[in-house]
Amino acid sequence: MKDIYKRNSSLRILSGLNLEEIEELTSLLGASKFRARQIHNWIYLKSVKEIDEMTDLSKKFRDELKEVAQVTDVRIKVKQVSSDGTIKYLLEYSDGECVETVLMRFDNRANLTACVSSQVGCAVNCSFCATGKRGFIRNLSYKEIVEQVLTIQRDTGLKVTNIVFMGQGEPLLNLDNVLKAMKIFNEDFQIGARRLTVSTSGIIPQINKLAELDLQSTLALSLHAPNHEIRKKLMQIEEKYPMNKLHSALKNYVDKTSRRITIEYLLIKDLNDTAESAKQLAAYLKDIKCNINLIPYNPTEKNDYQRPSNNSIMKFKYLMEHSGKKVTVRLERGADIDAACGQLRGKVK
Ligand code: SAH
Ligand code: SF4
1315 MKDIYKRNSS LRILSGLNLE EIEELTSLLG ASKFRARQIH NWIYLKSVKE
1365 IDEMTDLSKK FRDELKEVAQ VTDVRIKVKQ VSSDGTIKYL LEYSDGECVE
1415 TVLMRFDNRA NLTACVSSQV GCAVNCSFCA TGKRGFIRNL SYKEIVEQVL
1465 TIQRDTGLKV TNIVFMGQGE PLLNLDNVLK AMKIFNEDFQ IGARRLTVST
1515 SGIIPQINKL AELDLQSTLA LSLHAPNHEI RKKLMQIEEK YPMNKLHSAL
1565 KNYVDKTSRR ITIEYLLIKD LNDTAESAKQ LAAYLKDIKC NINLIPYNPT
1615 EKNDYQRPSN NSIMKFKYLM EHSGKKVTVR LERGADIDAA CGQLRGKVK
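For what it's worth, our numbering labels the leading residue of the sequence shown as 1315, then goes sequentially.
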C-alpha cells in the first residue's frame, strides 16, 4: 500500500495552514484564490487524507500541488476503540515524539468531543496524573495541536463539534500555540468559541492574560482540593500558585469575561471526599460564578489513591448542590483503553 504519510521535508504540510497561507501557496502555482478556498474546505471541512481526493481540482493542478505540498505528516501509531465508543489515538509527529488524543461520544448527545494534548509530557507533575510522570519533553506547535483534530476527522469521517484541552500537558504553559490553535478551530473548523474548553492546573499569570483577552471559550480549573494543605499534597503547583491567590485570579477572570468557570474536582477516597471537604470547597467557591465537575479518580500506577464509592460520590455531589452550584459528575470514558482523564501517557506500553 502506498504510504500517504511518507515524510518529505521539502513538501509544505497543508494541515494547519489558514486561508491566506493556502492562497500564498496557490498563487505561487499561478492558481486563483478560489482554488485556495477549495483546498481549505477539503482540509478542514471534508478532512481528506490525500491531495488526490480533492476531486474538484483538475488532475493537472493536483499533480502540481503534490510537487510542493502534502496533506499531513502525522502518523497514527496506535488506535484503540473502547467498548463505550471512545477512540484513543497515539499519534507520531515528524520528530518521532508521540502524544495521545481522544474522541469521546456520548450516547444521548450529538456532540463529538476531541480531547487534545498541548505538550509532550508535562512539567507540573501532579501526584495523581500519568502524564506528569514522564516529565516535560516539549511544547506542541499550534499545527501539531490542530493535526490531532484533523487526524480524528480524517480517520472517522466525522466532524468534531467540541474541543477540550484536557489531554497531555498544561495548556497555559504553551499559551501562544494554544491560542493560535483555538483561532484555527474557531475560524477554519468553524467550531464556536463556546465549544472550546481550556483546562489548567492554575497558572495564575496566564489566567490573568486570558482574562484580558476576553475570549468566549470556557476556562476549566483543576482545583481538586478544598484547602491549601490537601492541594499541596496533590499538586506541587500549589506552592507556587496557592489557592488564596488563585481565588483572586478566578474572580478577576469572571469579572472581565462574564463567563462562568468550570471547577474540576478530583474525588479521591478519604482524602478530599469528606463532608468537611465539601463544606470548605463550598466556602471557597461561594463568590465565584462557576459550575462544578466532579471527577472520580481514575487509577494510574504508582500511587495509593482510590476511587470513592458511588455512594460517597453522590453524597459529595448533593452537598455541593446544596451550596447552590450546578454539579455534574464526569462520565468515565474509555477506561478500558486507558483513555480516561489522567491515564494518558503518550507512549506505547
Ligand atoms: N494540565 C491540565 C489539562 C490536562 S489534565 C490540567 O491539569 O487541568 C485534564 C484533567 O484530568 C485535569 O482536571 C486533571 O486533573 C484530570 N486528571 C489527571 N489525572 C487524573 C486521574 N488519575 N483521574 C482522574 N482525573 C485526572
Ligand atoms: Fe500536567 Fe494536568 Fe497532569 Fe497535572 S493533571 S501533571 S497539570 S497534565
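Just so you know, even glycine gets a beta-carbon here, dropped at the ideal spot from N, CA and C. Since the structure is predicted, the reported quantities are computational estimates derived from the model, not experimental observations.
field: Endpoints, the beta strand (DSSP E) within which ARG1419 is located
entry: In the sequence shown, the residue the question calls residue 1419 occupies position 105. Unbroken beta strand (DSSP E) run through ARG1419: 1412-1419.
message: Assuming ALA1428 is part of the alpha helix (DSSP H), what are its boundary residues?
response: Mapped onto the sequence shown, residue 1428 falls at position 114. Looking at the DSSP string, ALA1428 is not in any alpha helix (DSSP H); the run it does join, the beta strand (DSSP E), is 1426-1429.
- request: Measure the C-alpha to C-alpha separation of LEU1537 and THR1340 and round it to an integer number of angstroms.
  value: Indexing the sequence shown from 1 puts residue 1537 at position 223. Indexing the sequence shown from 1 puts residue 1340 at position 26. One C-alpha to the other measures close to 47 Å.
query: With respect to the beta strand (DSSP E) encompassing LYS1360, which residues constitute its N-terminal and C-terminal limits?
result: On the sequence shown, position 46 is the one that residue 1360 refers to. Annotation: LYS1360 is outside any beta strand (DSSP E) and is labelled neither H nor E by DSSP.
task: Have a look at VAL1568 and ASP1601 and give me their C-alpha separation to the nearest angstrom.
output: For the purposes of this step, residue 1568 is identified with residue 254 of the sequence shown, where counting begins at 1. For the purposes of this step, residue 1601 is identified with residue 287 of the sequence shown, where counting begins at 1. Their Cα atoms are separated by approximately 10 Å.
- request: Report yes if the C-beta of MET1480 is less than 6 Å from at least one heavy atom of ligand 1; otherwise report no.
  value: Stepping through the sequence shown from its first residue, residue 1480 is reached at position 166. Under cutoff, so the answer is yes.
- prompt: What is the residue span of the alpha helix (DSSP H) that VAL1478 lies within?
  reply: Position 164 of the sequence shown, counting from 1, holds the residue named residue 1478. First-last for VAL1478: 1476-1479, but that is the beta strand (DSSP E), not the alpha helix (DSSP H).
field: Contacts around ASP1317, its chain only, beta-carbon distance under 8 Å, and the 5 residues preceding and following it disregarded
entry: The count along the sequence shown starts at 1 and reaches residue 1317 at position 3. Unreliable positioning characterises ASP1317 in this predicted model, as indicated by a pLDDT of 46, which lies under 50. A coordinate reading is not provided.
- prompt: If SER1431 and GLY1399 are in contact, beta carbons under 8 Å, what's the gap, nearest whole angstrom?
  reply: In the sequence shown, counting from the first residue as 1, residue 1431 sits at position 117. In the sequence shown, counting from the first residue as 1, residue 1399 sits at position 85. Between GLY1399 and SER1431 the Cβ distance is about 20 Å, and since that is not below 8 Å, they are no contact.
message: Just to confirm my understanding: we take ALA1639, look at its own chain, exclude 5 residues before and 5 after, and list those with CB closer than 6 Å. What are they?
response: Along the sequence shown, read from residue 1 onward, the residue named residue 1639 stands at position 325. At residue 1639 the sequence reads Lys, which differs from the Ala that was named. Cβ within range, chain order: ILE1606.
task: Count the other C-beta atoms from every protein chain shown that fall within 10 angstroms of the C-beta of LYS1402, then say buried if there are 16 or more, exposed otherwise.
output: Here residue 1402 is taken as the residue at index 88 of the sequence shown, counted from 1. Its Cβ being crowded by 16 or more others within 10 Å, LYS1402 is buried.
Cβ shell of SER1396 (< 8 Å), same chain only, five flanking positions each side left out: Taking the first residue of the sequence shown as 1, we reach residue 1396 at position 82. Cβ within range, chain order: LYS1402, ARG1647, GLY1648, ALA1649, ASP1650, ILE1651 and ALA1653.
message: Judging by CA-CA distance, which residue of CYS1604, GLU1338, ASN1612 and CYS1443 is the nearest neighbour of GLU1635?
response: Working through the sequence shown from its first residue, we reach residue 1635 at position 321. Closest by alpha carbon: CYS1604.
- prompt: Three or more beta-carbon pairs under 8 Å between the region 1457-1466 and the region 1408-1421, yes or no?
  reply: yes
- prompt: Would DSSP call ARG1573 helix, strand or coil?
  reply: Locating residue 1573 in the sequence shown gives position 259, where the first residue counts as 1. Here ARG1573 sits in coil by DSSP.
message: Please report the distance separating the alpha-carbon of ARG1359 from that of ILE1575.
response: Locating residue 1359 in the sequence shown gives position 45, where the first residue counts as 1. Locating residue 1575 in the sequence shown gives position 261, where the first residue counts as 1. A small correction: the amino acid at residue 1359 is Leu; Arg does not occupy that position in the sequence shown. Using only the alpha carbons, I get a separation of about 30 Å.
task: Check whether the region 1349-1365 touches the region 1519-1528, taking contact to mean three or more Cβ pairs, one atom from each stretch, closer than 8 Å.
output: no
field: Spatially closest choice to ASP1377 from ASP1366, ASP1387 and ARG1644, by CA coordinates
entry: What you label residue 1377 is simply residue 63 of the sequence shown in a count that begins at 1. That would be ASP1366, whose Cα lies nearest to the Cα of ASP1377.
- prompt: Pick from SER1455, ALA1596, ILE1451 and GLN1657: whose alpha carbon is nearest that of TYR1632?
  reply: Taking the first residue of the sequence shown as 1, we reach residue 1632 at position 318. Here the closest residue by C-alpha is ALA1596.
- prompt: If you drop the 5 nearest sequence neighbours on each side, which residues of the same chain put their C-beta closer than 6 Å to that of LEU1489?
  reply: The sequence position of residue 1489 within the sequence shown is 175, counting from 1. Closer than 6 Å at Cβ, skipping near neighbours: GLN1520.
task: Return the bridge partner residues of SER1535 from the DSSP annotation.
output: Translated into the one-based positions of the sequence shown, residue 1535 becomes position 221. Here residue 1535 is Leu; the residue named in the question, Ser, does not match the sequence. Beta-bridge analysis with DSSP links LEU1535 to THR1514 and ILE1577.
message: Going by beta-carbon coordinates alone, are ARG1326 and VAL1388 separated by less than 7 Å?
response: The count along the sequence shown starts at 1 and reaches residue 1326 at position 12. The count along the sequence shown starts at 1 and reaches residue 1388 at position 74. No, the Cβ-Cβ distance between ARG1326 and VAL1388 is not below 7 Å.
Environment of GLY1449 [buried if 16+ CB atoms lie within 10 Å]: For the purposes of this step, residue 1449 is identified with residue 135 of the sequence shown, where counting begins at 1. GLY1449 comes out exposed.
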